[in-house]
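Read left to right, the sequence shown gives residues 0 to 322 (numbering that gives the first Met the number 0). Where a beta carbon is used, it is the ideal one built from N, C-alpha and C, also for glycine.
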Amino acid sequence: MPAMRRTRCSTRRAIRLTPMTVAAARRLALTDVSMRWFAAVLALWAAASVPAVAADEACVTAGCGQMPAGEWRGLAADSAAAVVRIPAWVTEIPDYAFAGCTALRRVEFAEGSRLRRVGRYAFLGCTSLDSLPLPPSVTEIGEGALRECEALGAFTVPQGVTAIEPHTFEWCVSLRSVSLPPGLKKVGMSAFKYCRSLEAVTLPEGVAQVGMNAFSCCSSIVEIVFPSTVTELGSYVMSECVSLRRAVLPANGSLLGELMFSGCRSLVEIVELSPVPPAFDCGSFIFEPDEAELYRRCRLTLKSGTEARYRAAPGWRLFYGCK
């Protein structure tokens, strides 16, 4: 039998955490910080004979099934791991699992993956991560899961996910496109805030809530269409979207958030097709008080036969040249 060829991952061998090595580490007194480090060293030592599986990149195979929250902080975050391979039997990536892994570029999921949940802030600050092709089995992506993934360019949300939790993509400054599933019901607070490269987003019919600051400071978005199923638009939802030119509001008279288009200095058209003028949260209006010129410049497009109601309604009467 020919000898197995041993390649090297950059300057390190691949790290494989098996159920046996992880269980051995957990039997130690892990409540003590020094013992946690000793446990990590033990896991590395036990895997020292595992051949590397990639030629030019450090790589890690997570082989421990249910990874405890934060397990990789201090292990992977301090390594040069560029690729992580998740076996099929892992069902959850826990909270903060890979937070701070700045060298991590790619995560690979085994065929037939049974992953269901990506935990809160699981990939926080993974600044080199440029793709994350989640398996279709995923039904939950936790709050802030991809926050500050600055290299992430595109993302497809799995079909079973019904909510984009708060801060999920906040500060993903390279994110150009995102595909949202048809069953989506909610976009949380600051979900896409500071996604400065995001050029367009299509909210599917069925979305009911769009939270405060959901798309604030998305400076490349040119148009936003809120589906008729939206019943709640949060405050500042599109604030400081400086390239936004056109916005279509829900046609169901839903409550509008305070100052939702504040700072949108390029906005030239708002389409409002509700037969009844919607109310504004907190009695505030679309723009800041000192942005009166935006009311004069922005055209309000209304449903035929409703102009008189809007001219008499608080806030809406500030627009000029209603059509």
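Using C-beta distances below 6 Å, list every residue in its chain close to Pro249, excluding the 5 sequence neighbours before and after it, in chain order.
Phe225, Ser227 and Val229
Jot down the residue ranges of each uninterrupted beta strand (DSSP E) in the region 156-243, minimum 3 residues, whole runs only, in chain order.
176-178 and 222-224
Can you confirm whether the region 167-179 touches the region 134-150 when touching is taken to mean that 3 or more C-beta pairs between the two stretches lie within less than 8 Å?
yes
State the CB to CB distance for the pair Arg113 and Ala87, rounded to an integer number of angstroms; the pair is presumed to be in contact (CB under 8 Å).
6 Å
With DSSP as the reference, identify every bridge partner of Ile140, one or two as the case may be.
Val117
Ser178 burial status per 10 Å Cβ neighbour count (16 or more: buried):
exposed
Tell me which same chain residues have a C-beta within less than 6 Å of the C-beta of Ser303, skipping the five on either side of it?
none
From Glu139, Gln208 and Leu272, residue whose alpha carbon lies closest to that of Thr300
Leu272
Bridge-paired residues (DSSP) for Glu91
Arg116
Only counting the same chain, and skipping five residues up and downstream in sequence, which positions put a Cβ closer than 7 Å to that of Gly252?
Ser273, Val275 and Pro277
From Arg308 to Phe318, what does the alpha carbon distance come to, in whole angstroms?
13 Å
Simplified DSSP state of Ala80, which is helix, strand or coil:
strand
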